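First residue of the sequence shown? That's 176 in our numbering, and the numbers climb one at a time after it.
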Amino acid sequence: MTKAKITAVAGYVPDDVLSNFDLEKMVDTTNEWILTRTGIKERRILRDISQANSDMALKAAQELLAKRKISAEEIDCVIYATVTPDHVFPATANIFAAKLGAKNAWGFDISAACSGFLYALGIGAQFIETGKYKKVLVVGSDVMSRIIDYTDRTTCIIFGDGCGMFLLEPTEENYGIMDFIFYSDGNGCKHLHMKAGGSFMPPSYETVANRYHYVYQEGQAVFKQAVYNMAEVSAQIMEKNNLKSEDIAWLVAHQANKRIIDATAQRMGLSSDKVMMNIEKYGNTTAGTIPLLIWEYEPLLKKGDNLILSTFGGGFTWGAMWVKWG
Ligand code: UT7
176 MTKAKITAVA GYVPDDVLSN FDLEKMVDTT NEWILTRTGI KERRILRDIS QANSDMALKA
236 AQELLAKRKI SAEEIDCVIY ATVTPDHVFP ATANIFAAKL GAKNAWGFDI SAACSGFLYA
296 LGIGAQFIET GKYKKVLVVG SDVMSRIIDY TDRTTCIIFG DGCGMFLLEP TEENYGIMDF
356 IFYSDGNGCK HLHMKAGGSF MPPSYETVAN RYHYVYQEGQ AVFKQAVYNM AEVSAQIMEK
416 NNLKSEDIAW LVAHQANKRI IDATAQRMGL SSDKVMMNIE KYGNTTAGTI PLLIWEYEPL
476 LKKGDNLILS TFGGGFTWGA MWVKWG
């Protein structure tokens, strides 16, 4: 049976660093509080406002094409996970593909917040497994700094900007995307959302004055759901596929809070040396975290390694995926 294999990985983070010490000067917080509550030391920020989400992805994509030694015209489809698109419409996938010169690709955006990349990867794998396409580019990219209120100490300390992407191609070997379990629950909306800008509350002078175009998050409510659901779904994908903790080479978990990741690893019976972690450098890049982890850890991965990718985010959305590295 044809499987979707990850044949190239690339990433991009902006050069500008926003450290905990910088945040100490902006809001009532301390480096110590942020570090102990979240595990984050610094994050990257796309300060140049002439640059948008698609410009970050363009830089990563150029790396990916060079690594895989293919041209942009060979890409069949772009699936772009983001909650910070260049525009409300058209899709950033289309803008990005045009910038890249991916003339033969069609594409669309996925809005599933921190689970966006995993959802997109699951969808992309279907196009490959059915034989419909040969090269699907799956992007996870967010410029969270454009929708973060830097006067709100409860949210601004977590988020950062970044982009990662995978190329999926067919293989007849038993490697690649093996299985996934996805969930969502729209009742979570009240705990994590952007109040205005959509049809529910169109933009107005009032919405701007009330700071309704920024991320609204009830941290504790989200934390409780994230800890429980990310751990549960990660255990579920293992049980469903008869995988024991000793079979798992790496946990690749969404980087929102180190305490959530540690709880997930514990539930799966994994020691910390099997947990990919870069939250201290980049914070929560929303759709970017999972591909950015694999981008950084790729040199350590061996053929046949079992990876569990897992996530929880706005929606609520959550899920886990089993990948056999090929
Ligand atoms: O990625 C998608 C989904 N998002 C997440 O998974 C995020 C989940 N939530 C979290 O990671 C955590 O809830 C936060 C990091 C956002 C907050 O950490 P917490 O341990 O849940 O803090 P808290 O909201 O319970 O607040 C504890 C105290 C409060 O003070 P009082 O009421 O106890 O006096 C807050 O006002 O910490 C205070 N506080 C801060 N103090 C210093 C909140 N933010 C800060 C801050 N610096 N930045």
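Built from N, CA and C at the ideal position, the CB exists for glycine as well. Bear in mind the structure is a predicted one, so any value in this text is a computation, not a measurement.
Would you report the Cα separation of residue i and residue j, rounded to the nearest angstrom?
i: S194; j: K200; result: 10 Å
i: G444; j: N416; result: 16 Å
i: I303; j: D437; result: 33 Å
i: D230; j: L467; result: 16 Å
i: A268; j: A232; result: 10 Å
i: T177; j: G463; result: 27 Å
i: K477; j: T326; result: 44 Å
i: S246; j: P474; result: 24 Å
i: A495; j: Y294; result: 9 Å
i: S374; j: W497; result: 37 Å
i: L190; j: C289; result: In the sequence as presented, Leu is not what sits at residue 190; that position holds Asp. The straight-line gap from Cα to Cα measures roughly 22 Å.
i: S225; j: Y187; result: 17 Å
i: K499; j: I423; result: 10 Å
i: A241; j: A235; result: 10 Å
i: P378; j: A384; result: 10 Å
i: I454; j: K399; result: 19 Å
i: M451; j: W281; result: 32 Å
i: N349; j: F196; result: 47 Å
i: A406; j: R328; result: 27 Å
i: L418; j: Q395; result: 32 Å
i: W208; j: E393; result: 18 Å
i: E347; j: G501; result: 11 Å
i: H366; j: K244; result: 44 Å
i: G458; j: G372; result: 25 Å
Is the beta carbon of residue j closer than 8 Å to that of residue i?
i: P505; j: K370; result: Missing from the structure shown is residue 505; the chain here goes from 176 to 501 and no further.
i: V318; j: N404; result: no
i: I332; j: I465; result: no
i: E238; j: A185; result: yes
i: A401; j: I356; result: no
i: K222; j: V192; result: The residue asked about is misnamed: residue 222 is Arg in this sequence, not Lys. In this structure, V192 does not lie closer than 8 Å to R222 by Cβ.
i: R386; j: A410; result: no
i: H388; j: I322; result: yes
i: I412; j: D480; result: no
i: G276; j: G361; result: no
i: A300; j: D284; result: no
i: N279; j: D324; result: no
Pull up the CB-CB distance for residue i and residue j, whole angstroms please, since I reckon it's below 8 Å.
i: M340; j: V311; result: Actually they do not touch by this definition, with Cβ atoms about 11 Å apart.
i: L482; j: V427; result: 5 Å
i: T460; j: G363; result: With a Cβ gap of about 20 Å, T460 and G363 do not count as contacting.
i: I469; j: L343; result: In fact, because the Cβ distance is near 13 Å, the residues do not count as touching under 8 Å.
i: V253; j: A273; result: About 10 Å; that fails the 8 Å criterion.
i: Y255; j: S316; result: 7 Å
i: A179; j: G337; result: Not really, about 24 Å apart at Cβ, beyond 8 Å.
i: L210; j: T204; result: The pair is not a contact, with the Cβ atoms about 11 Å apart (cut-off 8 Å).
i: K433; j: T213; result: 6 Å
i: W493; j: Y358; result: 5 Å
Let's test the definition: count the other Cβ atoms within 10 Å of the Cβ of residue i and tell me whether it reaches 16, buried, or not, exposed.
i: I270; result: buried
i: E248; result: exposed
i: E217; result: buried
i: G297; result: buried
i: F487; result: buried
i: I183; result: A quick correction: the sequence has Ala, not Ile, at residue 183. Buried: at least 16 other Cβ atoms inside 10 Å.
i: T330; result: buried
i: Y380; result: exposed
i: V408; result: buried
i: G306; result: exposed
i: V258; result: buried
i: S447; result: exposed
i: V263; result: exposed
What runs of the beta strand (DSSP E), each 3 residues or longer, lie entirely inside the segment 330–392? 336–346, 351–359, 367–369 and 390–392
Every unbroken beta strand (DSSP E) inside the segment 296–328 [3 residues or more]: If only complete runs of 3 or more residues are kept, the segment 296–328 shows the beta strand (DSSP E) at 311–318, in order along the chain.
Extract the residue ranges of the alpha helix (DSSP H) inside the segment 211–295, only unbroken runs of 4 or more that lie entirely within it. 228–243 and 267–275
Considering only residues of the segment 423–474, which uninterrupted alpha helix (DSSP H) runs meet the minimum length of 4 residues and lie entirely inside it, listed in chain order? Within the segment 423–474, the complete alpha helix (DSSP H) runs of at least 4 residues are 433–443, 454–457 and 464–472.
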